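Novice: When the letters of the sequence shown are read in order and numbered with numbering that gives the first Met the number 0, they come out as residues 0 to 448. For each residue, glycine too, the CB sits at the ideal point set by N, CA and C. Note that the structure is predicted; figures quoted are calculated from it, not measured. Sharing a structure, written as structure tokens. Questions coming.
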Amino acid sequence: MPNDDLAGKLKTFAAILKFNHDLFEAENFSQAAAMAVNNSRTLLNFRNSVLFEQFSDNSTQLVAQFGQTELHPHTLQVQLFKQLADRFSRQQNEYMVCELKDAADYDETNDENGICICLKLLPPPGAKKRCTLLWLIEYDKELPPFAENTAKLLGKSVSEALNLVKYAESANWKDPVKSRKKWLFAALILLCIGILLLPVRESTTAEFTLKSSQITAAYAWFDGPIAKCLKQDQTPVKKGDVIAVYDISQRRYQYEIALAALNEAKAELELERQNAFSDESKLGKVKLLQKKCEMLAVPVEEAQWYLDHAQIKAPADGILALTDKRAEQLAGKAVRTGDKLFEILARNSLVAEIPVNERDASILQDDFSAVLFLHTAPEKAIAAEISEIASYPTLTAQNTYCYLVRSDLVHSAADDLRFGMRGIAKLTGRKVCLGYMLFKNLILYFRKF
């Protein structure tokens with residue numbers, strides 16, 4: 000018998016420990032309250048059990064009901080329990096035993112009468128937020144001998160667990176250290192969001208080259224070799240200056256042959272005309288010789304045209320830019336009709352040609368500006384005005400598709416600058432969010448792989 004009593008006590012003690020552990024592991028207040036009124040039946044062996052929350056004005060509200068997954072506060076039995084709880088909440092004592100018929104709306108015809116244990120579950124000492132609970136436990140006719148002590152013992156665990164579960168999140172925020180860390184974390188998140196929403200101008204950089212805005216090209220008049228080039232590359236020239244001369248020795252020989260044939264035909268024509276005065280039958284031959292002279296005049300005029308265009312002259316004032324870069328390379332070169340021989344770059348007329356990569360083409364909007372920095376003077380910013388933006392990209396020498404942008408230099412900034420100077424252009428466009436720029440660059444980076 001003593002061993003049986005000890006085993007029973009140990010089982011009861013283990014059940015109480017499991018009951019307490021389950022309460023503290025509950026995810027929320029409603030789950031903990033439902034576990035309190037349902038799992039305690041194995042220890043208290045009651046008929047019914049309900050749990051109310053008491054507010055500061057002594058009013059009560061149902062929070063858990065035995066055997067019910069959903070609360071039914073308007074049933075007759077729950078209303079009787081609520082009347083008992085309201086009466087008990089106005090009393091100072093923490094424990095009361097009463098009968099169900101003590102409720103105000105109890106009907107004498109109701110056969111269901113039971114004895115109720117009323118427990119006022121006060122919050123644990125030192126709690127910053129107080130949650131007072133009223134636990135009503137109903138038995139059939141009389142109370143078991145173990146009911147009162149076991150109910151009081153379980154009531155303390157229920158009070159501590161429900162207060163902890165209900166105000167755990169609020170308590171963490173009230174803790175000075177944890178609250179400070181969370182506020183700092185929230186402030187950091189807000190700061191990051193603010194930085195990402197910060198409006199900044201979309202910008203990028205690209206290399207530029209200084210070129211002439213007015214370029215006049217000279218092409219070969221006809222097929223033939225170039226005898227000599229009289230001007231060196233990058234020398235200033237004036238309109239009409241002879242730049243190169245064809246080798247016309249063969250053309251001159253052809254001209255002399257054609258001219259000699261024409262002169263012979265003219266002499267014969269003159270002789271026949273004189274003979275026609277005495278012999279009218281010669282008039283027909285005179286007409287044939289006239290046509291022959293006209294035909295022989297064509298190659299003479301053609302040869303004369305070649306001789307007249309033997310000198311290739313500068314079409315405008317400016318700086319000479321030879322296609323072959325050196326006069327020695329152009330001399331003796333056989334060219335074909337239409338081959339570009341040189342260009343004339345207008346002086347004091349500089350523009351910057353900026354190839355903008357197509358991945359940065361979104362910057363080419365209405366509100367678009369450029370500032371130039373030469374490699375030779377990176378500390379000096381050169382103001383420029385956008386004059387032309389290409390409508391479609393072109394393939395550059397770097398094997399990338401770029402939009403060509405031309406910008407005119409301010410007159411004061413164009414002093415002491417030379418054709419072909421290179422540098423870095425800082426391009427600035429419309430205002431966008433910083434987060435958009437970062438996200439765009441990130442996407443472009445990963446698209447390479």
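If the criterion is Cβ atoms closer than 8 Å, does the pair Thr59 and Phe51 meet it?
Specialist: In the sequence shown, the residue the question calls residue 59 occupies position 60. In the sequence shown, the residue the question calls residue 51 occupies position 52. Contact: yes.
Novice: What three-state label does DSSP hand Ser88 in the structure shown?
Specialist: The count along the sequence shown starts at 1 and reaches residue 88 at position 89. It is helical.
Novice: Which residue's Cα is closest to the Cα of Arg482: Gln64, Leu363 and Leu371?
Specialist: Since the first residue of the chain shown is 0 and the last is 448, residue 482 is not available in this structure.
Novice: Would Thr149 be called buried (16 or more neighbouring beta carbons within 10 Å of its own) or exposed?
Specialist: Position 150 of the sequence shown, counting from 1, holds the residue named residue 149. When all chains shown are included, Thr149 counts as buried.
Novice: From Ile192, Val77, Thr131 and Glu69, pick the residue whose C-alpha is nearest to that of Leu161; which is it?
Specialist: Taking the first residue of the sequence shown as 1, we reach residue 161 at position 162. Of the listed residues, the one whose Cα sits closest to Leu161 is Thr131.
Novice: Assuming Lys339 and Ala259 are in contact, meaning their beta carbons sit under 8 Å apart, how far apart are those beta carbons, in whole angstroms?
Specialist: Numbered from 1 along the sequence shown, position 340 holds the residue referred to as residue 339. Numbered from 1 along the sequence shown, position 260 holds the residue referred to as residue 259. Not confirmed; about 37 Å, so no contact.
Novice: Do Gln213 and Ser348 have their beta-carbon atoms positioned less than 8 Å apart in this structure?
Specialist: Within the sequence shown, numbered from 1, the residue matching residue 348 stands at position 349. Within the sequence shown, numbered from 1, the residue matching residue 213 stands at position 214. In this structure, Gln213 lies closer than 8 Å to Ser348 by Cβ.
Novice: Going by alpha carbons, who is nearest to Thr336 out of His308, Ala351 and Ile353?
Specialist: In the sequence shown, residue 336 corresponds to position 337, counting from 1. Closest by alpha carbon: His308.
Novice: By Cβ distance below 6 Å, which residues in the same chain neighbour Asp246 in space, the five residues on each side in sequence not counted?
Specialist: Taking the sequence shown and counting its residues from 1, the one referred to as residue 246 is at position 247. Excluding sequence neighbours, Asp246 sits near Pro224 and Ala226.
Novice: Using only alpha-carbon positions, find the residue among Leu319, Cys97 and Phe28 that is nearest to Lys165.
Specialist: For the purposes of this step, residue 165 is taken as the residue at position 166 of the sequence shown. Among Leu319, Cys97 and Phe28, the Cα nearest to that of Lys165 is on Phe28.
Novice: Relative to the C-alpha of Ala382, which residue among Glu357, Ala424, Arg417 and Ser361 is closest?
Specialist: Reading the sequence shown from its first residue, position 383 is the one you call residue 382. Measuring from the Cα of Ala382, the nearest candidate turns out to be Ala424.
Novice: So is Arg250 buried or exposed if we call it buried at 16+ other beta carbons inside 10 Å?
Specialist: Locating residue 250 in the sequence shown gives position 251, counting from the first residue. Label assigned to Arg250: buried.
Novice: On the three-state DSSP scale, how would you describe Asp307?
Specialist: What you label residue 307 is simply residue 308 of the sequence shown in a count that begins at 1. Helix.
Novice: From this set, Asn92, Asn37 and Asp139, which residue's C-alpha is nearest Lys68's C-alpha?
Specialist: Residue mapping note: residue 68 aligns to position 69 of the sequence shown, counting from 1. Looking at the sequence provided, one finds Thr at residue 68 rather than Lys. The option with the nearest alpha carbon to Thr68 is Asn37.
Novice: I'd like the list of long-range same chain contacts for Glu271, defined as Cβ closer than 7 Å, with 5 residues on each side in sequence excluded.
Specialist: Counting from 1 along the sequence shown, the entry for residue 271 is found at position 272. The residues are Lys281, Lys284, Val285 and Leu288.
Novice: Considering only DSSP beta bridges, list what Lys356 is partnered with.
Specialist: In the sequence shown, the residue the question calls residue 356 occupies position 357. A quick correction: the sequence has Asn, not Lys, at residue 356. The partner list for Asn356 (beta bridge, DSSP) reads Cys401.
Novice: Where does Val285 fall in DSSP's three states?
Specialist: The count along the sequence shown starts at 1 and reaches residue 285 at position 286. Of the three classes helix, strand and coil, the one that applies to Val285 here is helix, per DSSP.
Novice: Are the CB atoms of Leu43 and Ile136 nearer to each other than 8 Å?
Specialist: The count along the sequence shown starts at 1 and reaches residue 43 at position 44. The count along the sequence shown starts at 1 and reaches residue 136 at position 137. Going by C-beta atoms, Leu43 is nearer than 8 Å to Ile136.
Novice: Given this structure, state the Cα-to-Cα distance separating Tyr94 from Thr74, to the nearest angstrom.
Specialist: Looking up residue 94 in the sequence shown gives position 95. Looking up residue 74 in the sequence shown gives position 75. When rounded, the distance between both Cα atoms is 25 Å.
Novice: Going by beta carbon distance, what residues of the same chain come within less than 7 Å of Leu83, once the five residues before and after it are set aside?
Specialist: Numbered from its first residue, the sequence shown carries residue 83 at position 84. Counting only Cβ-Cβ distances below 7 Å, and skipping sequence neighbours, we find Cys97, Asp101, Ala102, Cys115, Cys117 and Leu135.
Novice: How far does the beta strand (DSSP E) with Val36 in it extend, from its first residue to its last?
Specialist: As a first step, residue 36 must be located in the sequence shown, where it is residue number 37. Not the beta strand (DSSP E): Val36 falls in the alpha helix (DSSP H), residues Phe28 to Asn38.
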